[in-house]
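Converting from the sequence shown to the numbering used here requires adding 65 to each position, the first position being numbered 1.
Just so you know, even glycine gets a beta-carbon here, dropped at the ideal spot from N, CA and C.
The block underneath contains the structure these notes are about, expressed in C-alpha cells.
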Amino acid sequence: MKRTHTLLASAMAVTLCQPVLAETAPEGLYSMDALIGADVFLATDRNREVGEVEDVLVAENMKVHGLVVELDDDLDGVGNDDYRFVEVRQFSVATRSGDRLDRVSYAVFLNEDLDQVRDYPRVDNDWWAQTKEAAANIWSNTKSGASSAWQATKDTTSNVIDKTKETTRDVLESLQRTLE
C-alpha cells in the first residue's frame with residue numbers, strides 16, 4: 066500500500082512540473098519509480114547513452130526540481146560515481162512503453178552536448194547541503210514576502226475603508242447641517 070501511495074505521489078509531482086514532457090505528446094502522468102534508473106541520452110545524439118537517472122529531486126512545492134544523473138564512467142573526463150544535477154529545463158522525457166504501470170519505461174534526453182553536460186554541477190555532500198540551504202532560504206523568503214504582501218494589502222484596504230467611512234460621515238454631517 067505504501068508503495069502505491071509513493072508511486073501515486075511521485076507521479077503527481079512529475080505531472081505538476083510542466084517542462085517534463087514526453088517526446089511525442091504529454092501523457093499527463095509519469096511514474097518516478099520508473100523514471101529512476103531510466104537511460105539518459107544526448108538530444109543531439111539520440112543513440113548515445115551517457116548515463117542513467119539516479120534520483121529525482123522534488124522541491125518543497127512538490128514540483129520536480131531536477132534529476133541526479135550518474136554519468137557512465139567510460140565517457141572521457143568522467144570517473145566512477147560521477148553524479149551530475151540536471152535542471153528541469155535541461156532535459157525531456159520520452160515514454161518507451163507505458164500501456165501498464167508494471168511496464169512503464171522512459172528515456173531521458175539531455176538538451177545539451179556532452180561538453181556542456183560535463184559542466185553540470187557535480188552532486189556530492191557539499192552540493193547537497195548548499196542546495197538544500199539555498200532552496201530553504203528561497204522558500205522562506207517567498208513565504209515571508211507573500212505574508213508581507215498580504216499584510217500590506219490588508220492594511221491598505223483597511224485604510225481605504227476607514228477613509229471612505231470618514232468621508233461618508235463628513236458628507237452626511239454636511240447634508241444634515243444644510244437641511245437644518
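- Coarse secondary structure for GLU231, derived from DSSP in three states: helix
- Message: For the structure I just gave you, are there three or more beta carbon pairs, one from the segment 219 to 233 and one from the segment 165 to 174, closer than 8 Å?
- Response: no
- Give the DSSP-derived three-state secondary structure of LEU136 in the structure shown. strand
- Message: So for THR109, helix, strand or coil by DSSP?
- Response: coil
- Message: Going by beta-carbon coordinates alone, are ALA99 and GLU117 separated by less than 8 Å?
- Response: no
- Query: Where in the segment 149 to 188 do unbroken runs of the beta strand (DSSP E), each at least 3 residues long, occur, reported from the N-terminal end onward?
  - Reply: 156 to 162, 170 to 175
- Message: When you compare the segment 148 to 165 with the segment 182 to 191, are there three or more beta-carbon pairs, one atom per stretch, that lie closer than 8 Å?
- Response: yes
- Under 8 Å, do VAL151 and SER162 count as touching if we go by C-beta distance? no
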